[in-house]
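Peer 1: Below is the structure I would like to discuss, written out as structure tokens.
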Amino acid sequence: MMLVKLNKLCKYIDQFSFAALNVGMIFFASRFLDNTQAAKYIIINSYSSFSLVVIVSLVISPFWVFSVERVTQGYHYKLSLYLTIFISFISATLLSILMFIREQDWKYSLLIFGLSMCYPLYDFLRRSLYIVKKDFISAILSALLLLVSMLSYCLMYFCGVREAGHYLSVLIFIMSFISLMIILINNKNYHSNHVEPELKKILLEYWTIGKWSAASMLCFWVITQGSFIYLEKIIDNEQLVFTRLALSLGGIIAIYFSAVENKLMPEIREIIYSGDSKQLTSRWRSYFKNGLIVSFACTLFVVLFYMIFFDINQYQLSIILLMCFYQSISGVFKFSSFHLKAKKLHRSVFFCNFISVMIVILFYMVAGTGNSFSLPLIILANGIVSSLLYGYFLHINRGV
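Residue numbers (our numbering): 196 to 595.
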């Protein structure tokens with residue numbers, strides 16, 4: 196029992212450290228670099244996050260399903276590792292080419308390539324340690340990645356480094372080094388049993404599991420990250436930088452709901468199979484109530500933290516509140532999405548996200564982006580519309 200609790204704690208430490216890495220680096224760039232360099236840092240992060248979305252859906256999710264069988268664990272680990280490297284390479288190449296066409300800057304194109312390779316590779320490798328019960332090692336390495344990156348950034352700042360590219364280069368090096376460490380560790384943990392399933396069949400099964408999840412996450416990426424890329428040349432740097440900072444700070448709300456989702460999904464599946472509608476309603480009410488309380492507390496914490504430690508004007512406060520409201524709305528009303536996934540209606544979840552993206556894009560094509568709150572409002576609007584659509588699609592599929 197004690198070992199189970201320790202493993203859960205290690206997973207939380209690992210997930211928190213990895214999430215805090217992204218939030219902390221964005222916070223650093225937003226607060227300590229000038230708006231031009233901070234904007235470059237944010238845009239490069241937005242580009243590279245595309246690879247992470249693709250790998251999580253098409254590789255990591257199927258790997259979790261197939262790695263349950265110990266006999267084929269080694270085979271699926273190696274296959275998933277090769278797929279991660281291959282898909283990340285293709286994605287990184289395309290993204291770096293797009294960056295060069297857009298900016299005519301080969302240095303930042305190389306940074307996008309490096310980050311697009313490192314982020315998904317590290318995410319896959321740290322999760323692969325869960326399968327072989329090495330949660331403790333995963334937690335230590337993620338915490339080490341966070342700590343070394345923070346210390347490196349602080350040291351570079353005090354040495355007078357002010358260019359975003361230098362910070363990103365250091366992050367790529369540190370993440371690559373720790374990824375290599377995990378690969379060496381996994382060589383001892385994943386043993387090949389000379390099992391060679393039919394590759395074509397396995398790849399098809401990976402695609403079947405991941406395709407709708409990938410499509411849904413790409414819709415999410417288009418609004419939350421793609422909007423930053425598209426509007427970079429249209430809106431001022433202050434709006435772009437502070438919206439990204441506010442979205443990251445509000446991310447502590449999303450971390451809570453992600454942790455709840457991991458725990459809740461198996462329970463919802465069991466309740467659906469048992470046909471106990473009263474218990475399902477009870478879980479929804481508990482989720483909704485706790486979600487509201489946590490969202491309010493986290494929003495209050497973020498606002499007070501920023502007001503105490505930094506100067507904040509009314510415009511910046513408004514953006515923080517909008518992004519915290521977005522994270523709260525998206526989280527509190529996501530139970531319908533969990534319900535749809537538990538019923539294996541992943542295609543319906545995709546349609547919800549796709550329709551929401553189309554509605555928001557069409558609206559802002561008509562309304563324009565001249566408003567000083569264009570970017571946060573686009574993100575918030577998508578959160579509200581997608582939440583409503585989850586509820587609607589669950590209603591029309593209630594008999595499924």
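Even glycine gets a Cβ: it sits at the ideal position worked out from N, Cα and C. These numbers were taken from a predicted model, which means no experiment stands behind them.
Quick check: what's the CA-CA separation for Gly355 versus Leu440?
Peer 2: Within the sequence shown, the letter at position 160 stands for residue 355. Within the sequence shown, the letter at position 245 stands for residue 440. Each residue's Cα considered, the two are about 23 Å apart.
Peer 1: For Arg542, which of helix, strand or coil comes out of DSSP?
Peer 2: As a first step, residue 542 must be located in the sequence shown, where it is residue number 347. Helix, per DSSP.
Peer 1: In three-state DSSP terms, what is Glu462?
Peer 2: Here residue 462 refers to the residue found at position 267 of the sequence shown. Note: Glu462 maps to helix in three-state DSSP.
Peer 1: Are the region 344–364 and the region 415–429 in contact at 8 Å, needing three or more beta carbon pairs?
Peer 2: They do not touch, by the three-pair rule.
Peer 1: Do the CB positions of Val527 and Leu475 come within less than 8 Å of each other?
Peer 2: By 1-based counting over the sequence shown, the position of residue 527 is 332. By 1-based counting over the sequence shown, the position of residue 475 is 280. Going by C-beta atoms, Val527 is not nearer than 8 Å to Leu475.
Peer 1: Let me make sure I understand the geometry here. Which of Trp301, Pro257 and Ile373 has the alpha-carbon closest to that of Trp402?
Peer 2: Taking the first residue of the sequence shown as position 1, residue 402 is located at position 207. When each option's Cα is compared against that of Trp402, the closest is Pro257.
Peer 1: In whole angstroms, give me the CA-to-CA distance for Cys313 and Ser481.
Peer 2: Taking the first residue of the sequence shown as 1, we reach residue 313 at position 118. Taking the first residue of the sequence shown as 1, we reach residue 481 at position 286. Rounded to whole angstroms, Cys313 to Ser481 spans 38 Å at the Cα level.
Peer 1: What residue ranges within the region 446–511 form continuous alpha helix (DSSP H) runs of no fewer than 4 residues, ordered along the chain?
Peer 2: You should have 446–469 and 472–504.
Peer 1: Rounded to whole angstroms, what's the CA-CA distance from Met220 to Ile208? Just pull it up for me.
Peer 2: Here the question's residue 220 lines up with position 25 in the sequence shown. Here the question's residue 208 lines up with position 13 in the sequence shown. Taking the straight line from one Cα to the other gives about 18 Å.
Peer 1: For the region 249–294, list the alpha helix (DSSP H) runs that are entirely contained and at least 4 residues long, ordered along the chain.
Peer 2: Counting only runs of 4 or more, we get 256–261.
Peer 1: I'd like to know whether the C-beta atoms of Ser311 and Ser286 end up nearer to each other than 8 Å.
Peer 2: Against the sequence shown, residue 311 aligns to sequence position 116. Against the sequence shown, residue 286 aligns to sequence position 91. Contact: yes.
Peer 1: Candidates Ser241, Val254 and Tyr352: which alpha carbon is nearest Asp229's?
Peer 2: Within the sequence shown, numbered from 1, the residue matching residue 229 stands at position 34. When only C-alpha atoms are compared, the closest one is Tyr352.
Peer 1: Smallest Cα separation from Ile556: which of Tyr425, Thr288, Ile591 and Gly470?
Peer 2: Numbered from 1 along the sequence shown, position 361 holds the residue referred to as residue 556. For the residues Tyr425, Thr288, Ile591 and Gly470, the minimum Cα distance to Ile556 belongs to Tyr425.
Peer 1: Restricting to Cα atoms, I'd like to know which of Ser569, Asp318, Val254 and Leu253 is closest to Asn217.
Peer 2: Along the sequence shown, one-based indexing puts residue 217 at 22. Of Ser569, Asp318, Val254 and Leu253, the residue nearest in Cα terms is Asp318.
Peer 1: Is there contact between the region 393–409 and the region 367–376, where contact requires at least three CB pairs shorter than 8 Å?
Peer 2: Cβ pair count under 8 Å is below three, so no.
Peer 1: Taking only the alpha-carbon atoms, compute the straight-line gap between Thr288 and Arg593 and give it to the nearest angstrom.
Peer 2: Within the sequence shown, the letter at position 93 stands for residue 288. Within the sequence shown, the letter at position 398 stands for residue 593. Distance between the alpha carbons of Thr288 and Arg593 is about 43 Å.
Peer 1: With distances taken between CB atoms, is the gap from Ser411 to Ile573 smaller than 8 Å?
Peer 2: In the sequence shown, the residue the question calls residue 411 occupies position 216. In the sequence shown, the residue the question calls residue 573 occupies position 378. Going by C-beta atoms, Ser411 is not nearer than 8 Å to Ile573.
Peer 1: Note down the Cα distance separating Leu398 from Leu278, rounded to an integer number of angstroms.
Peer 2: The residue given as residue 398 occupies position 203 in the sequence shown. The residue given as residue 278 occupies position 83 in the sequence shown. So the alpha carbons of these two residues sit roughly 10 Å apart.
Peer 1: Pull up the distance between the alpha-carbon of Ser262 and that of Thr438, whole angstroms please.
Peer 2: Counting from 1 along the sequence shown, the entry for residue 262 is found at position 67. Counting from 1 along the sequence shown, the entry for residue 438 is found at position 243. Spanning the two alpha carbons is a distance of roughly 39 Å.
Peer 1: Answer with buried or exposed for Ser477, where buried requires no fewer than 16 other C-beta atoms within 10 angstroms of its C-beta.
Peer 2: For this step, residue 477 is matched to residue 282 along the sequence shown. It is exposed - the Cβ of Ser477 has fewer than 16 other Cβ atoms within 10 Å.
Peer 1: Quick one: what's got a C-beta closer than 8 Å to Ala454's C-beta in the same chain, skipping five residues either side?
Peer 2: For the purposes of this step, residue 454 is taken as the residue at position 259 of the sequence shown. These residues qualify, in order along the chain: Tyr207 and Gln210.
Peer 1: What distance in whole Å lies between the Cβ atoms of Val497 and Tyr451, which are believed to be in contact at a cut-off of 8 Å?
Peer 2: One-based indexing of the sequence shown puts residue 451 at position 256. One-based indexing of the sequence shown puts residue 497 at position 302. About 13 Å separates the two Cβ atoms, so there is no contact after all.
Peer 1: Please determine if the region 578–585 and the region 544–559 are in contact, where contact requires at least 3 C-beta pairs separated by less than 8 Å.
Peer 2: Contact holds: three or more Cβ-Cβ distances are below 8 Å.
Peer 1: Could you give the residue range of the alpha helix (DSSP H) that holds Glu427?
Peer 2: As a working note, residue 427 is residue 232 in the sequence shown. Glu427 -> no alpha helix (DSSP H), and no H or E assigned at all.
Peer 1: Just curious, the alpha helix (DSSP H) that Cys354 is in, first and last residue?
Peer 2: Looking up residue 354 in the sequence shown gives position 159. Neither: Cys354 is in no alpha helix (DSSP H) and is coded neither H nor E.
Peer 1: Roughly how many angstroms separate the alpha carbons of Phe331 and Cys205, rounded to a whole number?
Peer 2: Here the question's residue 331 lines up with position 136 in the sequence shown. Here the question's residue 205 lines up with position 10 in the sequence shown. Straight-line Cα distance between these residues: approximately 5 Å.
Peer 1: For the putative contact between Val544 and Ser525, defined by C-beta atoms under 8 Å, what is the C-beta separation to the nearest angstrom?
Peer 2: Walking along the sequence shown from the start, residue 544 turns up at place 349. Walking along the sequence shown from the start, residue 525 turns up at place 330. Going by Cβ atoms, the distance from Val544 to Ser525 rounds to 13 Å, so no, they are not a contact pair.
Peer 1: Check whether the Cβ atoms of Ile307 and Tyr242 sit closer than 8 Å, and answer yes or no.
Peer 2: Along the sequence shown, read from residue 1 onward, the residue named residue 307 stands at position 112. Along the sequence shown, read from residue 1 onward, the residue named residue 242 stands at position 47. Taking 8 Å as the Cβ cut-off, Ile307 and Tyr242 qualify as a contacting pair.
Peer 1: Determine, using beta carbons only, whether Ile377 and Arg322 come nearer to each other than 8 Å.
Peer 2: Mapped onto the sequence shown, residue 377 falls at position 182. Mapped onto the sequence shown, residue 322 falls at position 127. No, they are not a contact pair.
Peer 1: Where does Pro392 land, buried or exposed, given buried means 16+ other C-beta within 10 angstroms?
Peer 2: Residue numbering aside, residue 392 sits at position 197 when the sequence shown is read from its first letter. Exposed.
Peer 1: Between Val343 and the rest of its own chain, which residues show a CB-CB distance below 7 Å, the 5 nearest in sequence each way excluded?
Peer 2: As a working mapping, residue 343 is identified with position 148 in the sequence shown. Taken in chain order, the residues that qualify are Ile369.
Peer 1: Could you check if Ser472 is buried or exposed, using at least 16 other CB atoms within 10 Å of its CB as the buried criterion?
Peer 2: The residue labelled residue 472 in the question sits at position 277 within the sequence shown. By the neighbour-count rule (16 or more Cβ atoms within 10 Å), Ser472 is not buried but exposed.
Peer 1: Closest Cβ-Cβ distance between Tyr325 and chain D: below 8 Å?
Peer 2: Of the protein chains in the structure, only one exists, and it is not chain D.
Peer 1: Is DSSP giving Leu228 helix, strand or coil here?
Peer 2: In the sequence shown, residue 228 corresponds to position 33, counting from 1. Coil, per DSSP.
Peer 1: Under three-state DSSP, which class holds Gln210?
Peer 2: Walking along the sequence shown from the start, residue 210 turns up at place 15. Looking at Gln210 - three-state DSSP - the assignment turns out to be helix.
Peer 1: Once you ignore the five residues that flank Gln434 on each side, which residues in its own chain have a CB closer than 7 Å to its CB?
Peer 2: In the sequence shown, counting from the first residue as 1, residue 434 sits at position 239. Result list for Gln434: Ser567 and Leu570, in chain order.
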